[in-house]
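Colleague: Quick one: this structure, given as structure tokens, is what I'll be asking you about.
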Amino acid sequence: MKKQDNSLMEKIISLCKRRGFVFPGSEIYGGLANSWDYGPLGVELKNNIKNLWWKKFVQERDDMVGIDASLIMNPKVWESSGHLKEFSDPLVECKKCKKRFRADHINSNNCPECKGELSQPRQFNLMLKTFLGPAEERVNEVYFRPETAQAMFVDFKNVLESSRKKLPFGIAQTGKAFRNEVTPGNFIFRTREFEQMEIEYFIEEKDWKEKFELWRKEMWSWMTETLGVEKSKIHELEVAKGELAHYSKRTIDFEYDFPFGRKELYGLAYRTDFDLKNHYQEPPYRDEENNEGFYPHVVEPTFGVDRSVLAVLCDAYVEEEDRIVLKLKPSLAPYKVAVFPLLKNKPELVAKAREIYKELQKDFMVAFDDRGNIGKRYYSQDEIGTPYCVTVDFESLENDDVTIRDRDSMKQERIKISELKKYINGKL
Ligand code: GAP
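Take this note's numbering: the last position of the sequence shown gets the number 428, and nothing is skipped along the way.
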């Protein structure tokens, strides 16, 4: 494993701000406790990841349906799920500088910052509380969901009855989750407001090992093929029995070698029938043959959206001799193509370039740039990962063709304008 590379992280954070991937949240008011906002390019990258996930795991499968549930659910959900009682981290406080830390993240008995004496650990519940309605009274107390998962259990029967699915099948959801993390940090790695993409895959108990293995493979395929993350930077960690979440019988964490160390990217858990049993007094599923009711078991692959964005950015960031390149897979790149008129002061070139730009925009996110020299425009697109740049020159006016330049090889070729869409689509 590579040792910590703080300068790489600083470079990525700086690029993210400079080029509009991710900004500090509420910056003009001094920010807000590790909150981050996705800018114009960040939202494209994030949406591409979420859309590819939905395509792979919902659209292209027969055994999956989606939902989009409320962020705030009845507080009884969190009582039944065990989160109000169990969803906590051990917190210690420095008696000298008053800073707080997660006890399981530090290795010494003294404060990592000032070496002062630390308090005894106490359990700190991570649920983010608010009030629904005008009065801030106990009866109006509610929680923002700490995982998207619970809605898939709570809505299980409604989904079952409306979709007529049979085991094995899964429910998928993407959306925000909130946790009052003791120590948020490392850019968008650990925040108090973040996004998840989760699947609850319902099965018969006897099948859990087989399905767990199937999802393990699916997760590898997502990470290495769909996202194109370097395989050697991903590692499986079998979570020790004593460290399993309160609902899990087995969990594998998929860790990624981030510049700040090897850390959890995703998780795969066998949640047994724990959740459905907690929420339903009667078995919510009937065996087709003997009509007996039972509680399906669950395998849960879970994916953090923000950690996906971060892993993809870290993985794609390359410094070459005279340029910085984000070698993103074309399917992930915020812009698929950029269009340039060779010269800004030649109206016929600009008009032709704008015509091509408008046509390509019907199918893709496209950038348009007419500033400075072509070399600089190429490098500017390389830095944000645009896989193709198209230049309109005088020949284009006569032959209806353009130069298309490849981000990674920097090779240029001539191509008919009428072939552009097919060419780009073929690379996605
Ligand atoms: N439903 C299971 C569950 O929520 P988790 O391991 O607590 O499991 C799932 O979270 C994923 O959500 C993690 O693997 C990570 O990608 C992401 N995640 C969790 N806490 C996060 C945080 N504070 N900031 C950003 N992402 C987070």
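All C-beta atoms in this analysis are idealised placements derived from N, C-alpha and C, irrespective of residue type, glycine included.
Grouping DSSP H, G and I as helix and E and B as strand, with all else coil, what is S7?
Modeller: Numbered from its first residue, the sequence shown carries residue 7 at position 7. Helix at S7.
Colleague: What's the C-alpha gap between A338 and D370?
Modeller: Taking the sequence shown and counting its residues from 1, one reaches residue 338 at position 338. Taking the sequence shown and counting its residues from 1, one reaches residue 370 at position 370. Looking at the two C-alpha atoms, the distance is approximately 10 Å.
Colleague: Assign I28 to one of two classes, buried (16 or more other C-beta atoms within 10 Å of its C-beta) or exposed (fewer than that).
Modeller: Here residue 28 refers to the residue found at position 28 of the sequence shown. When all chains shown are included, I28 counts as exposed.
Colleague: Taking the straight line between their C-alpha atoms, what separation do you get for L349 and K11?
Modeller: Here residue 349 is taken as the residue at index 349 of the sequence shown, counted from 1. Here residue 11 is taken as the residue at index 11 of the sequence shown, counted from 1. Near 36 Å, if we compare the C-alpha coordinates of K11 and L349.
Colleague: Who are N125's beta bridge partners in DSSP?
Modeller: Within the sequence shown, numbered from 1, the residue matching residue 125 stands at position 125. DSSP, once it has assigned bridges, lists S88 as partnering N125.
Colleague: Is I424 near K336, with beta carbons less than 8 Å apart?
Modeller: As a first step, residue 424 is located in the sequence shown; it is residue number 424 there, counting from the start. As a first step, residue 336 is located in the sequence shown; it is residue number 336 there, counting from the start. In this structure, K336 lies closer than 8 Å to I424 by Cβ.
Colleague: Count the CB pairs spanning the region 242–260 and the region 115–122 that are closer than 8 Å, and state whether there are at least three.
Modeller: No contact exists between the region 242–260 and the region 115–122.
Colleague: My understanding is that K211 touches P168, with C-beta atoms under 8 Å, so please give their C-beta distance in whole angstroms.
Modeller: To locate residue 211, count along the sequence shown from 1; it is residue 211. To locate residue 168, count along the sequence shown from 1; it is residue 168. Confirmed, about 6 Å.
Colleague: By DSSP, does M1 sit in helix, in strand, or in coil?
Modeller: As a first step, residue 1 must be located in the sequence shown, where it is residue number 1. Note that M1 has pLDDT 42, beneath the 50 cutoff, so the model's placement of it is unreliable and no number is given.
Colleague: Going by C-alpha to C-alpha distance, which of F260, L32 and L428 sits closest to I13?
Modeller: Locating residue 13 in the sequence shown gives position 13, counting from the first residue. The shortest Cα separation from I13 among F260, L32 and L428 belongs to F260.
Colleague: Could you tell me which of E200, R323 and K76 sits nearest to V299, measuring between CA atoms?
Modeller: Here residue 299 refers to the residue found at position 299 when the sequence shown is read from its first residue. It is E200 whose Cα lies nearest to the Cα of V299.
Colleague: Taking the beta carbon of K2 as the centre, do at least 16 other beta carbons fall within 10 Å, making it buried, or is it exposed?
Modeller: For the purposes of this step, residue 2 is taken as the residue at position 2 of the sequence shown. Because K2 carries a pLDDT of 47, less than 50, the predicted location of this residue cannot be relied on, and the following value inherits that uncertainty. Classification for K2: exposed.
Colleague: According to DSSP, simplified to helix, strand and coil, what is M410?
Modeller: Reading the sequence shown from its first residue, position 410 is the one you call residue 410. Of the three classes helix, strand and coil, the one that applies to M410 here is coil, per DSSP.
Colleague: Rounded to a whole number of angstroms, what is the C-alpha to C-alpha distance between G170 and P283?
Modeller: Indexing the sequence shown from 1 puts residue 170 at position 170. Indexing the sequence shown from 1 puts residue 283 at position 283. Distance between the alpha carbons of G170 and P283 is about 17 Å.
Colleague: So is the beta-carbon of D287 under 7 Å away from any non-hydrogen atom of the ligand GAP?
Modeller: By 1-based counting over the sequence shown, the position of residue 287 is 287. Result no, Cβ not under 7 Å from the ligand GAP.
Colleague: Counting along the chain, where does the alpha helix (DSSP H) carrying I356 start and finish?
Modeller: Sequence index remark: in the sequence shown, residue 356 carries index 356 (1-based). Segment P347 to Q361, the alpha helix (DSSP H) holding I356.
Colleague: At the level of alpha carbons, what is the spacing between K76 and T130?
Modeller: Start at 1 with the first residue of the sequence shown, and residue 76 comes out as number 76. Start at 1 with the first residue of the sequence shown, and residue 130 comes out as number 130. When rounded, the distance between both Cα atoms is 15 Å.
Colleague: Quick one: using the 10 Å Cβ neighbour count with 16 as the cut-off for buried, is E137 buried or exposed?
Modeller: The residue you call residue 137 lines up with position 137 of the sequence shown. Exposed.
Colleague: Given 7 Å as the limit, tell me if G304 has its C-beta closer than that to any heavy atom belonging to the ligand GAP.
Modeller: Locating residue 304 in the sequence shown gives position 304, counting from the first residue. Yes, Cβ of G304 sits closer than 7 Å to a heavy atom of the ligand GAP.
Colleague: Find out if the Cβ-Cβ distance for the pair H279, S70 is shorter than 8 Å.
Modeller: As a working mapping, residue 279 is identified with position 279 in the sequence shown. As a working mapping, residue 70 is identified with position 70 in the sequence shown. Result no, Cβ atoms of H279 and S70 do not sit closer than 8 Å.
Colleague: How is the alpha helix (DSSP H) around H279 delimited, first residue to last?
Modeller: Residue numbering aside, residue 279 sits at position 279 when the sequence shown is read from its first letter. Start and end: F274 to H279.
Colleague: From R18 to M152, what distance separates their C-alpha atoms?
Modeller: Residue mapping note: residue 18 aligns to position 18 of the sequence shown, counting from 1. Residue mapping note: residue 152 aligns to position 152 of the sequence shown, counting from 1. The alpha-carbon atoms of R18 and M152 are separated by roughly 39 Å.
Colleague: How about L244: is its Cβ closer than 7 Å to a heavy atom in the ligand GAP?
Modeller: For the purposes of this step, residue 244 is identified with residue 244 of the sequence shown, where counting begins at 1. L244 Cβ: outside cutoff for every heavy atom of the ligand GAP.
Colleague: Starting from M437, follow its DSSP beta bridges and name the residues at the other end.
Modeller: The structure shown has nothing for residue 437, since the chain only spans 1 to 428.
Colleague: Quick check: what's the CA-CA separation for Q381 versus A177?
Modeller: Here residue 381 refers to the residue found at position 381 when the sequence shown is read from its first residue. Here residue 177 refers to the residue found at position 177 when the sequence shown is read from its first residue. Each residue's alpha carbon lies about 33 Å from the other.
Colleague: Hey, which unbroken runs of the alpha helix (DSSP H) at 4 residues or more fall wholly within the region 123–165?
Modeller: Entirely contained in the region 123–165, the alpha helix (DSSP H) runs reaching 4 residues are, in chain order, 149–154 and 156–163.
Colleague: Whether or not the region 185–192 and the region 34–49 are in contact is what I'm after, with contact meaning three or more pairs of Cβ atoms, one per stretch, closer than 8 Å; do they touch?
Modeller: With a cut-off of 8 Å, the region 185–192 and the region 34–49 count as touching, because enough Cβ pairs lie within range.
Colleague: Tell me which same chain residues have a C-beta within less than 7 Å of the C-beta of I417, skipping the five on either side of it?
Modeller: On the sequence shown, position 417 is the one that residue 417 refers to. Around I417: I356, D400, D401 and V402.
Colleague: Just to check, is the beta-carbon of E238 closer than 7 Å to a non-hydrogen atom of the ligand GAP?
Modeller: Position 238 of the sequence shown, counted from the start, is the residue given in the question as residue 238. No, the Cβ of E238 stays beyond 7 Å of every heavy atom of the ligand GAP.
Colleague: Classify H297: buried if its beta carbon has 16 or more other beta carbons within 10 angstroms, exposed otherwise.
Modeller: As a working note, residue 297 is residue 297 in the sequence shown. Counting Cβ neighbours within 10 Å, H297 comes out buried, since at least 16 surround it.
Colleague: Only counting runs of 3 or more residues, tell me where the beta strand (DSSP E) segments fall wholly within the region 371–415, in order along the chain.
Modeller: Runs of the beta strand (DSSP E) inside the region 371–415: 388–392 and 401–406.
Colleague: So does the region 219–236 actually touch the region 44–59, counting three or more Cβ pairs closer than 8 Å?
Modeller: Enough Cβ pairs lie closer than 8 Å, so yes.
Colleague: Give the DSSP bridge partners of G261, in chain order.
Modeller: Here residue 261 refers to the residue found at position 261 of the sequence shown. Its beta-bridge partners are F258.
Colleague: On the DSSP letters alone, give me the boundaries of the beta strand (DSSP E) that Y317 sits inside.
Modeller: Counting from one through the sequence shown, the residue named residue 317 turns up at place 317. Here the beta strand (DSSP E) through Y317 covers Y317 to E320.
Colleague: When the Cα of N345 is compared with those of P334, G372, G66 and V325, which residue comes out closest?
Modeller: If you number the sequence shown from 1, residue 345 lands on position 345. Here the closest residue by C-alpha is G372.
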